[in-house]
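Peer 1: Per the working numbering, the sequence shown starts with residue 8, numbered consecutively.
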Amino acid sequence: MLNLIFWTAWFFLASTSFALAGPVAALVGLLTSTAIGKLILTVALKIGLSLLQRILTDNEEPQQPGIKTSIGLGGDKSMSFIVGTYATAGHLVYANTWGKVRSTPNAGIAQVISVSDLPVSGISNEVWMRGRKINRDPGLGDRPGSLAWFGSGSYPFTEFTHGDHPGIYWLFAKYVAGGSDTPDPTLLSTFGAAGDRAWDNGMIGRGVAHVIFTAEFNRDLFRGVPEAIWQVSGLPLYDPRKDSSVGGAGIQRWGEADTYAFSDNPAVIIFNILRGIHFEGELVFGGGIPASRLPLSSWFAAMNECDMLVDGERQFRCGYEIKPFEQSPLAVIEELLKSCNGRMAEIGGVYKIHVGAPALPSYFFTDESIAITEDQSCDPFPGLEQTYNGVSATYPEPETAWSMKDAPLRISQDYVDADDGRELIASVEFNAVPFPIQVQRLQKALMEDNRRFRRHRHTLPPEAWLLEPLDTAAWTSARNGYVDKLFLISSMDDLENSNQAVSIQEIDPSDYAWTPATDELPYSIGPMGPIEPAPQVIYDWTADPATVPDNDGKPRRPAILLGWYGDIQDTKGVEFEVRLATTGETVYRGRTDQVLVGQLLISQGLLPAMDYEVRGRYLPYSNRRSLWSGWLAVRTPNVKFDVYLDLDFDSLNEAIGDRTEFVEYNTRETIERALDNATKDMGDFDQQYGQVQRLRREAAVSYANLTASYQEAVLVVANETSALAQRLEILEVTIDEDIAEAVDLLTTEIEIIDGQVVALSDAITQVSTKVDDVSANGTFRVQAGASPGGGWARAVLQVSADDGVTFEQASIYLDARTSGSPRSRVVLDAETLYFGDLGSGSIVNPLIYSAGVWRMNVANIGTVNSGLVQSNDGKMRIELDNNRILVAD
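Listed below in C-alpha cells is the structure:
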C-alpha cells in the first residue's frame, strides 16, 4: 500500500506540471499522516538547501538540548533507549535501605536505575557524580567486608574510601547492560521480605539496561542520596559492512540480534532506524523499510566516510537518547544527520545518503549541453536572512559532566568584511555530538558550505537521466567562468521530451578539509565538581606533660595539656586522640567545643610515667575536610593515683618505728634491766630508792646436755618522790645450743615530777625458740600511762619466724591517746589478712587482704568513694574520677 502511495505521489509531484491543487493537497495530507510520508516530503523540500540552512529550518518537533542530567522519578515514564556514545542520569526504578553498621540502622541504600529501556553494549566505569568524575574499579574484585557491596559484579568506586578504614568502600555499582532473565539474587535476598517495598520474583528487568547503585551512609562522603550520570555505549546495531551475505565481511546478519555490535557511526544508526529497531522480533522504533530500498553502495560509502580518520580520530561519531513516544524517526534522523554533515534523498522510494565532502563528479557538462529552448535561472546570492559568516555551537561535553558547552565561535573575518562588517552568526545545537573537535569540524564545514551561494536551474539532455539527487556534476562554462566547477544535484524533473530539468547548487571539497594546526581553535575545560576549600590543618598543636592538682595545689593525677590556635573561622570544636606510644593502641578519644580557649587539660584513663602520642584536628561547622596533626610524643608525670593522700604518713611511719622500738629493742632491754634489779645488789639503785625489798625463787635440773630452769624475782622500792613494784618470771629449757624460753614481766611505777604525778603500767609476755639457724618468737606487750596532761596506752602483739634465708613477721599495733592526731589507731602488718565468721566453720564470705589487694564476695556499703571500678575481665571500666564508663567488645 505504501509503495503504491509513494509511486502515485511521485507521478503527481514529478511528472505533472499542472495537476489540480485538490488531488495534490489531498495526497500531501495522506503522506504527512505517516512517518514515512513525512520523511519523503521533508527530504524533498530540504534537499535544495545548504547544510546550514537545512539545520536552521524549524523542525516540527523541538529537541531537548543535551543529555538528561537529573534522575527521573515515578512510574509514569516514557520509553527511551540510547544509541552510540551518550550519557544519562537514568530513571529510578526502585530504592530501599538496609543494613546496620555499629548500631546505625538502615546504613545502606540501594537504587535500581534504568539507563536504557533496550539493551546496551556497555556502561563506562567512568561516572560523573556531583560534577566530579569518579572511577568504578572491577580490578578491586569483590569486597564483602564493605556493607555497600551487593554481591557478584558489584564493584567499588575508588574515591569513596577512607584511610582510617583500609579496604572498606562506601559506594558500589553493579552493571546489567543487557538486561536480565532472572531477578537479581542480592536484591531478592535483601528486600524480598520488605513488605510493601519488597523486591519479588517478577522484578527482572528483561531487556532493560540498568545499574544497581549501592552506598553506605557517610556524612563526609555524601551530601545526600547519591546520583550519577552514566556514560553508555548504546544499543548493539546491525552494520551491513560486517555482513558477508550482503557483500560485507563478517558474521552479522539482519534479524539476528546476538550478532550485532556497538556502533556510534551516524550512517549505521540511521540505516538501522530506517530498517527498524527491533527487540525480540517486535518493531520498537523506525520505518521498517526493506533492505531493497536502501542501496548499499550509497550506505557503505557513507559509513566508510564516517569512519575515515581525521587527525587520528574517526571523522563522524554520535550518540543520542531516543524517545519513541515523543520523537518521530524523521526528527531523530535529522538530529543524527547534523552530526555528519549528512544529506538524504528519497528517489522513487529508495533512500540515499551522503555525508561529508562531495563525491567525485559522475557527470560532466558544458554550456553547449544545456537546452537553450528551455527556461534557465541563476540565483547567485541568497537573501540576508540566509547569509551567515560565522557559526556558534553547543554540544554535550563529556569532560564537563555532559553538560551543554559552547564550542569556540567559528567566524571568518573575510566573510564579515564581504558582508559590510556585519557579523551574521548562526547558532546550532549538536545534541548528538559529544566530541569537541568533531563539533569544530562541523562548524567549519557549515560556515564554508553556506558561502557557496550559486544556484542554477536549467535543462540537460536525456543522457542525464542517470543522475540522481545528491550526485555530483562538473560544469565548464565560459559564460559563467567555470572550469569543471562542482555542483550538487539538489532536484531533478523528468520532462515529457526526456530532457532532464535539474536544480544544482555550488559545492567545494575544500569546505571539508581540516588542518589541525590552522583550523583547530583553542578551547578549555573549566574545573569541575563542587568548589571545596582546601582541607583545614590544625595550627600550633602541642601536647605537654601536666598534672591535675587538688585544692591545696598538690598534684593528684597525671595529665596532658593540649594546645592549639583558637582564633579560627568555621570551627565548632577540636577533636583529639591519645594512643600508647609502644603499641599504637588508642586509649582515649575526645573533643571540646571551647575552641577559643586554645587549650585543654585531659587526664581520663592516663597512667603515670607512661609514653603516649597525641594528635588533633579542627571540627568545622561545614562539611569542609580537616586534617589530623602529626602524632606528638609526650610522657606523663609520675603522679600515681593515691587513696592515702589525706593520711599523715609521717606520723604513721613514726608510729611504726615506735612499735618496732617498743616491741623489739625496748622490750629486751626492759627484761634485762628488770632481771638485774631483782637479782643483783646494785648500790646506786638501792641508794636512789632508799626503801628496797627483793624476793627471789629459783629451780634448775639437768640431764646430760639437757637443762631446765625457773627463775622468779620480785622487786619493790620507794622513796620520797617515786615507787616501783615489779615481778619477773623466766622459764627456760636447752639442749646444747638449742633453746626454748618464756618470759613474763609485770611493772608498775608512779613518780612525782615537778609536782605532777605520772603513773605507768607495763606488761610483757614473750616466748622464743631456736634450733640451729631456725628461730621463732612471739611477744605481747601492753603499756599504759597517765598524768595530768593526758593518758595513753599502747599494745603490740608480734610474731616472727626466721630460717636464716626467709624472715617473716606479723603484728598488731594498737595505740590510743587523749591528745594528738590521730588519737587512736590500729596497725596490722601481715602478708595476708582474713576477716570473717571463721569460727562458725563458714569461709564463704571472708574479707581477705593478700599481696596488696583486698578481696570479698559480698559487701553491703552505703557510700563508696572510688576512682576506678572494673570487671574481672577488664572489659568494663567505671572511671568515676573521669566521669565515664568504658565497655569493650
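A virtual CB, placed ideally from N, CA and C, is assigned to each residue, including glycine. Predicted model, so just to flag it, every value in this text is computed and none were measured.
Take the Cβ of Asn487 as the centre, count every other Cβ of all protein chains shown within 10 Å, and call the residue buried at 16 or more, exposed below.
Peer 2: exposed
Peer 1: Alpha carbon to alpha carbon, how far is Tyr245 from Val275? Give it in angstroms, no decimals.
Peer 2: 7 Å
Peer 1: Would you identify the three-state DSSP class for Thr522, choosing helix, strand or coil?
Peer 2: coil
Peer 1: Identify the residues that DSSP records as bridge partners of Lys330: which are they?
Peer 2: None, per the DSSP bridge assignment.
Peer 1: Exposed or buried, Asp250, counting other C-beta atoms within 10 Å across all chains shown (16 or more means buried)?
Peer 2: Counting every other CB atom within 10 Å of its CB across the protein chains shown gives Asp250 a total of 16 or more, marking it as buried.
Peer 1: Roughly how many whole angstroms lie between the Cα atoms of Leu702 and Gly869?
Peer 2: Each residue's alpha carbon lies about 59 Å from the other.
Peer 1: Would a C-beta distance cut-off of 9 Å place Leu178 and Thr221 closer than the cut-off?
Peer 2: yes
Peer 1: Could you compute how far the alpha carbon of Leu48 sits from the alpha carbon of Gly79?
Peer 2: Note on Leu48: pLDDT 39, under 50, position unreliable in the model; the coordinate value appears next. The straight-line gap from Cα to Cα measures roughly 36 Å.
Peer 1: For His169, which residues does DSSP report across the bridge?
Peer 2: According to DSSP, His169 bridges with nothing at all.
Peer 1: Could you tell me the alpha carbon to alpha carbon distance between Asn890 and Val871, rounded to whole angstroms?
Peer 2: Looking at the two C-alpha atoms, the distance is approximately 15 Å.
Peer 1: Please identify the residue among Pro405, Tyr628, Asp478 and Ser807 whose C-alpha is closest to the C-alpha of Ser131.
Peer 2: Checking every option, the nearest Cα to that of Ser131 belongs to Pro405.
Peer 1: Might you give, ordered along the chain, the residues of its own chain that have their beta carbon closer than 6 Å to the beta carbon of Asn879, omitting 5 neighbours on each side?
Peer 2: none
Peer 1: May I have a chain-ordered list of the beta strand (DSSP E) segments no shorter than 3 residues that lie completely inside the region 281 to 337?
Peer 2: 284 to 286, 289 to 292 and 326 to 329
Peer 1: Would you mind sorting Pro542 into buried or exposed? The rule is 16 or more other CB atoms within 10 Å of its CB.
Peer 2: Exposed, because fewer than 16 other Cβ atoms sit within 10 Å of the Cβ of Pro542.
Peer 1: Rounded to the nearest angstrom, how far is the Cβ of Val555 from that of Ser633, given a contact under 8 Å?
Peer 2: Incorrect: roughly 29 Å between the Cβ atoms, too far for contact.
Peer 1: Whose C-beta lies closer than 7 Å to the C-beta of Thr483 among residues of the same chain, with five residues either side of it excluded?
Peer 2: If we look at Thr483 and ignore the five residues flanking it on each side, its Cβ neighbours are Thr373, Tyr489, Val490 and Asp491.
Peer 1: Could you tell me which of Gln383, Met310 and Gly115 sits nearest to Asn225, measuring between CA atoms?
Peer 2: Gly115
Peer 1: Using 10 angstroms around the beta-carbon of Val127, count the other beta-carbons present and answer buried if the total reaches 16, otherwise exposed.
Peer 2: buried
Peer 1: Please determine if the region 621 to 638 and the region 579 to 591 are in contact, where contact requires at least 3 C-beta pairs separated by less than 8 Å.
Peer 2: yes
Peer 1: On a CA-only basis, which of Asp547, Ala766 and Ala783 is nearest Gln773? Give me that one, please.
Peer 2: Ala783
Peer 1: When the Cβ atoms of the region 519 to 528 are set against those of the region 595 to 614, are three or more pairs found closer than 8 Å?
Peer 2: no
Peer 1: If I'm right that Ala706 touches Thr714 with Cβ under 8 Å, what's the distance once you round it to whole angstroms?
Peer 2: With a Cβ gap of about 11 Å, Ala706 and Thr714 do not count as contacting.
Peer 1: Mapping DSSP to helix, strand and coil, what is Glu430?
Peer 2: coil
Peer 1: Please name the residue, chosen from Asn645, Asp557, Asp574 and Gln576, that lies closest to Pro565 on a Cα-to-Cα basis.
Peer 2: Among Asn645, Asp557, Asp574 and Gln576, the Cα nearest to that of Pro565 belongs to Asn645.
Peer 1: Is DSSP giving Lys561 helix, strand or coil here?
Peer 2: coil
Peer 1: Buried or exposed for Thr578, please, with buried defined as at least 16 other CB atoms from any protein chain shown within 10 angstroms of its CB.
Peer 2: It is buried - the Cβ of Thr578 has at least 16 other Cβ atoms within 10 Å.
Peer 1: Do you know offhand how far Ala216's Cα is from Gly254's?
Peer 2: 32 Å
Peer 1: Using 10 angstroms around the beta-carbon of Gln238, count the other beta-carbons present and answer buried if the total reaches 16, otherwise exposed.
Peer 2: buried
Peer 1: Using the Cβ count rule (16 or more neighbours within 10 Å means buried), how would you classify Pro476?
Peer 2: Around the C-beta of Pro476, 16 or more other C-beta atoms lie within 10 Å, and the residue is accordingly described as buried.
Peer 1: Within the 9 Å Cβ cut-off, does Trp105 reach chain C?
Peer 2: No chain C is part of this structure, which consists of one protein chain only.
Peer 1: Residues bridged to Cys347 by DSSP?
Peer 2: BP columns for Cys347 are empty, so no partner.
Peer 1: Am I right that Pro615 and Thr643 are in contact with their C-beta atoms under 8 Å? What's the rounded C-beta distance?
Peer 2: Between Thr643 and Pro615 the Cβ distance is about 6 Å, and since that is below 8 Å, they are a contact.
Peer 1: Skipping 5 residues on each side, what residues in its chain have a beta carbon closer than 8 Å to that of Thr23?
Peer 2: Because the pLDDT of Thr23 is 29, which lies under 50, any placement of that residue in the model is unreliable, and the number read from its coordinates should be weighed accordingly. So no residue of the chain qualifies.
Peer 1: To the nearest angstrom, how far is the alpha carbon of Gly435 from that of Val398?
Peer 2: For the sequence presented, residue 435 should be read as Val rather than Gly. Taking the straight line joining both Cα atoms gives about 7 Å.
Peer 1: Between which residues of its own chain and Val108 is the CB-CB distance below 6 Å, once the five residues before and five after are set aside?
Peer 2: Ala114 and Leu154
Peer 1: Starting from the Cα of Ser775, find the closest Cα among Ala201, Phe269, Asp745 and Pro534 and give me that residue.
Peer 2: For the residues Ala201, Phe269, Asp745 and Pro534, the minimum Cα distance to Ser775 belongs to Asp745.
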